[in-house]
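Chain order of the listed sequences is A and B.
When we follow the working numbering, the leftmost residue of the first sequence carries the number -14, and every step to the right adds one.
When we follow the working numbering, the leftmost residue of the second sequence carries the number 10, and every step to the right adds one.
Notes for the one structure printed next.
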Amino acid sequence: GAVVSQHPSWVICKSGTSVKIECRSLDFQATTMFWYRQFPKQSLMLMATSNEGSKATYEQGVEKDKFLINHASLTLSTLTVTSAHPEDSSFYICSAAHGRPPYEQYFGPGTRLTVT
Amino acid sequence: QKEVEQDPGPLSVPEGAIVSLNCTYSNSAFQYFMWYRQYSRKGPELLMYTYSSGNKEDGRFTAQVDKSSKYISLFIRDSQPSDSATYLCAMTPGYSSASKIIFGSGTRLSIRP
């Protein structure tokens, strides 16, 4: 089956620093990757959609200068949280898709970010 | 009003019981309806999907969609402790995997041995 990995699985950083999260599709080429954010006991909220080689499309209310997304290849997308604040602490999940029906979106295991 | 409403639970049932999980939605454009299972600190995994109205069965799991009522359900028969997880309903109007998926808030399910 399709496998998506994320690295790191958890990270702690200090306020004001930046942290990068990687999302990789291991056995397929992902034309589209999605980044979600999930707070405890809440749903997944889509942050942005990225297509390989083009700029990401951000959802309303998501600061594109704060959450930098790069989809440099068909197997790798990165999310960089810049000038992190404690309120950015959350569970970040990516998913990858390769143009098939909408239910064929494969999720990574998530990255837990804690900003101190 | 949220586009997708789901009772967060928690829901606790004894092993072997039939579990019923439900969601309501407001956007009549939704065409694909999915159920995901999410274990603690893990990403969601797709359990079942249904296109438009109707029922779909896969082993112990049955998904139902009633578009006229904007109501979807997931039934789990002969529930097992390993079914303990958070179940997320999700839906999308789109036809490709680049379509935005809207998730419910998830129902935490616990199966007691």
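Here a beta-carbon is modelled for each residue, glycine too, at the ideal position from N, C-alpha and C.
Kindly give me the distance between the Cβ atoms of residue i and residue j, rounded to whole angstroms, as I take these residues to be in contact under 8 Å.
{"i": "ILE100/A", "j": "CYS8/A", "result": "It should be noted that the sequence gives Val, not Ile, for residue 100/A. About 20 Å; that fails the 8 Å criterion."}
{"i": "PRO23/B", "j": "ARG121/B", "result": "5 Å"}
{"i": "ALA33/A", "j": "GLU44/A", "result": "6 Å"}
{"i": "GLN47/B", "j": "ALA94/B", "result": "6 Å"}
{"i": "TRP20/A", "j": "TYR88/A", "result": "Actually they are not in contact, since the Cβ atoms of TRP20/A and TYR88/A sit about 19 Å apart, beyond 8 Å."}
So what's residue i in DSSP terms, helix, strand or just coil?
{"i": "GLU72/A", "result": "helix"}
{"i": "ASP87/B", "result": "coil"}
DSSP puts residue i in a beta bridge; with which residues?
{"i": "SER37/B", "result": "DSSP, once it has assigned bridges, lists no residue as partnering SER37/B."}
{"i": "GLU66/B", "result": "THR71/B"}
{"i": "SER23/B", "result": "The amino acid at residue 23/B is misidentified as Ser; the sequence shows Pro. Answer is ARG121/B, bridged to PRO23/B."}
{"i": "ARG9/A", "result": "SER(-10)/A and LEU61/A"}
{"i": "MET57/B", "result": "TRP44/B"}
Who are the neighbours of residue i on chain A, taking C-beta pairs under 7 Å?
{"i": "GLY63/B", "result": "By Cβ distance, chain A contributes nothing, its closest Cβ being about 15 Å from GLY63/B, past 7 Å."}
{"i": "THR101/B", "result": "PRO87"}
{"i": "TYR80/B", "result": "In chain order: nothing, as chain A lies at least about 18 Å away."}
Taking C-beta pairs closer than 7 Å, name the residues in chain E that residue i reaches, listed in chain order.
{"i": "ILE110/B", "result": "Among the protein chains of the structure shown, namely A and B, there is no chain E."}
Would you mind telling me which residues of chain A sit closer than 9 Å to residue i, beta carbon to beta carbon, in chain order?
{"i": "ARG50/B", "result": "SER(-6), TRP(-5), PHE76, PRO94, GLY95 and ARG97"}
Just the chain A side, please: which residues come within less than 8 Å of residue i by C-beta, in chain order?
{"i": "SER29/B", "result": "The premise fails here: SER29/B is roughly 20 Å from chain A at the closest Cβ pair, so nothing lies under 8 Å."}
{"i": "GLU54/B", "result": "PHE92"}
{"i": "GLY113/B", "result": "SER28"}
{"i": "LEU97/B", "result": "SER28 and LEU29"}
{"i": "TYR104/B", "result": "PRO86 and PRO87"}
Open item on the list: Measuring CB atoms only, is the region 64 to 75 of chain A touching the region 26 to 34 of chain B, in the sense that at least three cross pairs come out at less than 8 Å?
Closed with: no
Open item on the list: For the structure I just gave you, are there three or more beta carbon pairs, one from the region 77 to 95 of chain A and one from the region 61 to 74 of chain B, closer than 8 Å?
Closed with: no
TODO: Give a yes or no on contact between the region 13 to 22 of chain B and the region 54 to 70 of chain A, applying the rule of three or more CB pairs nearer than 8 Å.
DONE: no
TODO: Could you say if the region 72 to 85 of chain B and the region -14 to 5 of chain A meet the contact criterion of at least three C-beta pairs nearer than 8 Å?
DONE: no
Open item on the list: Could you check whether the region 81 to 88 of chain A touches the region 27 to 41 of chain A, counting it as contact only if at least three pairs of C-beta atoms, one from each stretch, sit closer than 8 Å?
Closed with: no
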